[in-house]
Amino acid sequence: MLKPHELALVIPNANECLFAIHTKLTERDYNVAVYKYGKEYFVLNDVRIFKQIQGIDQESQGDEEELLPYVEEAFEDNCYNLVEEKLVQLDLNILSTISANSPVQVRYYEFVDFT
Numbered sequence: 664m665l666k667p668h669e670l671a672l673v674i675p676n677a678n679e680c681l682f683a684i685h686t687k688l689t690e691r692d693y694n695v696a697v698y699k700y701g702k703e704y705f706v707l708n709d710v711r712i713f714k715q716i717q718g719i720d721q722e723s724q725g726d727e728e729e730l731l732p733y734v735e736e737a738f739e740d741n742c743y744n745l746v747e748e749k750l751v752q753l754d755l756n757i758l759s760t761i762s763a764n765s766p767v768q769v770r771y772y773e774f775v776d777f778t
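Residue 664 is where the sequence shown starts when you use our numbering, and the numbers rise one by one after that.
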């Protein structure tokens, strides 16, 4: 599992990936799923993504490709917001600071097209 500062170094080099972050804050739980395609970042506001990630985590071998249909459904249902890379990096920097006192779970999935 990656740490937020490690993820900040990895994602600029990925063409297509999905990452989900969970931590407990003082006031609430923080859950976010971000899909990156090319240079664009999309925050996915779809609980189905988190349920699928939990399912993959419970399997001894998870397949990242199982997530893509859920990403597509989030787009079809307009359950996303386009965000700038600098805001993603800012959140990761803040989460890196928070992780010193509270565990931050980062799930990272990279999609590679071999064709």
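The C-beta atom is built at its ideal place from N, Cα and C for all residues, glycine as well. Bear in mind the structure is a predicted one, so any value in this text is a computation, not a measurement.
Here's the rule: buried if 16 or more other CB atoms are within 10 angstroms of the residue's CB, otherwise exposed. What is residue i?
i	result
Gln715	buried
Ala683	buried
Val697	buried
Arg770	buried
Pro675	exposed
Pro766	exposed
Leu745	exposed
Leu758	buried
Lys749	exposed
Could you tell me the alpha carbon to alpha carbon distance between residue i and residue j, rounded to whole angstroms?
i	j	result
Tyr704	Val710	18 Å
Gln752	Asp720	25 Å
Glu747	Leu665	21 Å
Asn741	Ile761	31 Å
So, using beta-carbon positions, are residue i and residue j closer together than 9 Å?
i	j	result
Phe738	Leu681	no
Ala671	Asn764	no
Residues in the same chain with beta-carbon distance under 6 Å from residue i, minus the five sequence neighbours each way, listed in chain order, please.
i	result
Ile712	Ala696, Tyr733
Tyr693	Thr686
Ordered along the chain, which non-local residues of its own chain (more than five positions away) have a Cβ less than 7 Å from that of residue i?
i	result
Thr779	Any answer about residue 779 is impossible in this case: the structure gives the chain only from 664 up to 778.
*Whole alpha helix (DSSP H) elements within the region 678-747, 4-residue minimum*: 710-721, 731-739
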